[in-house]
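Residue numbers (the working numbering): 4 to 392.
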């Protein structure tokens, strides 16, 4: 259909040019008509290459068809060449194409980096699972009464009640570095290396939670071991989401979120279970590392959670909810950019503008109640050698 439209406009221009020597009046109108048809040809050609790239890309996302994968890359290259040529010839001309080139380039950037995102997601998933398997206690022989640091990763997820300060782990610094690196690479792969604000925002919010919590649990003692155990459940959630990205990229994840009810049901069900398990682990870890009773441990976890949400709410309040969501959507293209810009993302999704205030208020209540519980339950549990009583 696209090529037919281009051919039809080209045929019309040829007919106009054939009668050029017979135009005896209204020469300016004739020249304007020829110019208008030329503009139409450019527009149809650009839209045709864009449609080929866009439809083949999502056909490959949907089916994995290798022919569509090759076709979208070829059409994308032609489309980029047409854009570059058009901008070079019409620099500064306000009568530009009816297309948001900035949004289009974001989409092209995501498509271009899809292969890289898939490879990095696969690496993150494989390495994280490899560390988990190698961390099975006794799988790697102990050295000088020191266990492999990966065992700390395994214990944090499956048997946190058996950990204690007396456990000696080898290579905790290197393991912590690899876990942080995997976490950051996972965020970058999920945003197809095209986004800057998404990994920065999510990564910062995550570290705002685990670092204060680690400092509160054991007053900074054994910080590397504590951080590994707190990062362990976050890395599992990351691996679960990256499993979809590792198939055909981040747009495969979003595509299935919007069109597949089964995918959405399975993903969200397991995701909520993992999040619930994460907070349960944090409470158990607070008991083990902080040597506190259940009420004090839970209050510390929810106190830090409240502080994290207050920071998030303040950022949304001062930056602006609509602006924050627009910036993220411009990079990730989760929603149709044009429609979202016209209506506004908050209107498009029905998000109340007062949401930042609600977050700050609710988080303040959580933090205040947690602080009061902590003040009334300051006692610590007594340590008995290797374990904790």
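Glycine included, C-beta positions come from ideal geometry on N, C-alpha and C.
Straight-line Cα distance separating residue j from residue i
| i | j | result |
| --- | --- | --- |
| residue 152 | residue 178 | 7 Å |
| residue 295 | residue 158 | 19 Å |
| residue 248 | residue 214 | 28 Å |
| residue 42 | residue 28 | 23 Å |
| residue 131 | residue 161 | 15 Å |
| residue 300 | residue 212 | 15 Å |
| residue 374 | residue 82 | 58 Å |
| residue 23 | residue 73 | 43 Å |
| residue 367 | residue 67 | 47 Å |
| residue 256 | residue 138 | 29 Å |
| residue 260 | residue 372 | 36 Å |
| residue 36 | residue 87 | 25 Å |
| residue 171 | residue 316 | 40 Å |
| residue 104 | residue 49 | 11 Å |
| residue 13 | residue 19 | 10 Å |
| residue 346 | residue 272 | 31 Å |
| residue 38 | residue 30 | 12 Å |
| residue 142 | residue 127 | 21 Å |
| residue 2 | residue 189 | Shown here, the chain extends from 4 to 392; a query on residue 2 therefore has no answer. |
| residue 129 | residue 292 | 29 Å |
| residue 298 | residue 379 | 9 Å |
| residue 210 | residue 302 | 19 Å |
| residue 47 | residue 53 | 10 Å |
Boundaries (first-last residue) of the alpha helix (DSSP H) holding residue i
| i | result |
| --- | --- |
| residue 395 | Beyond the ends of the chain as shown, which are 4 and 392, falls residue 395; an answer cannot be given. |
| residue 318 | 297-322 |
| residue 192 | 175-193 |
| residue 204 | 200-221 |
| residue 155 | 153-161 |
| residue 380 | No alpha helix (DSSP H) contains residue 380, which DSSP labels as neither H nor E. |
| residue 338 | That residue, residue 338, is in no alpha helix (DSSP H); it is neither H nor E in DSSP. |
| residue 263 | Run containing residue 263: none; DSSP gives neither H nor E here. |
| residue 232 | 226-251 |
7 Å Cβ shell around residue i - same chain, five flanking residues per side excluded
| i | result |
| --- | --- |
| residue 197 | 109, 112, 113, 116 and 334 |
| residue 282 | 304 |
| residue 165 | 158 |
| residue 184 | none |
| residue 45 | 89 |
| residue 33 | 26 |
| residue 146 | 173 |
| residue 148 | 171 |
| residue 327 | 319 |
| residue 9 | 44, 47, 48 and 51 |
Neighbourhood of residue i by C-beta distance below 8 Å, restricted to the same chain and skipping five residues each side
| i | result |
| --- | --- |
| residue 200 | 330, 331 and 334 |
| residue 231 | 152, 155, 156, 159, 175, 178, 179 and 182 |
Burial state of residue i (16 or more Cβ within 10 Å)
| i | result |
| --- | --- |
| residue 175 | buried |
| residue 254 | buried |
| residue 220 | buried |
| residue 241 | buried |
| residue 239 | buried |
| residue 57 | buried |
| residue 278 | exposed |
| residue 393 | Absent from the structure is residue 393, since the part of the chain shown begins at 4 and ends at 392. |
| residue 355 | exposed |
| residue 288 | buried |
| residue 7 | exposed |
| residue 51 | buried |
| residue 136 | exposed |
| residue 348 | buried |
| residue 396 | The structure shown does not extend to residue 396, since the chain spans only 4 to 392, so no value can be given for it. |
Own chain, CB closer than 6 Å to residue i, minus 5 neighbours either side, in chain order
| i | result |
| --- | --- |
| residue 16 | 40 |
| residue 124 | 192, 245, 248 and 249 |
| residue 71 | 59, 62 and 63 |
| residue 236 | 281 and 284 |
Residue-level contact to chain D via CB, residue i, 8 Å cutoff
| i | result |
| --- | --- |
| residue 93 | No chain D appears in this structure, which consists of one protein chain only. |
Enumerated in chain order, which unbroken segments of the beta strand (DSSP E) with a length of 3 residues or greater are wholly contained in the segment 39-114? Listed in chain order, there is nothing to give.
Ranges of the beta strand (DSSP E) found wholly within the segment 115-148, counting only runs of at least 3: none
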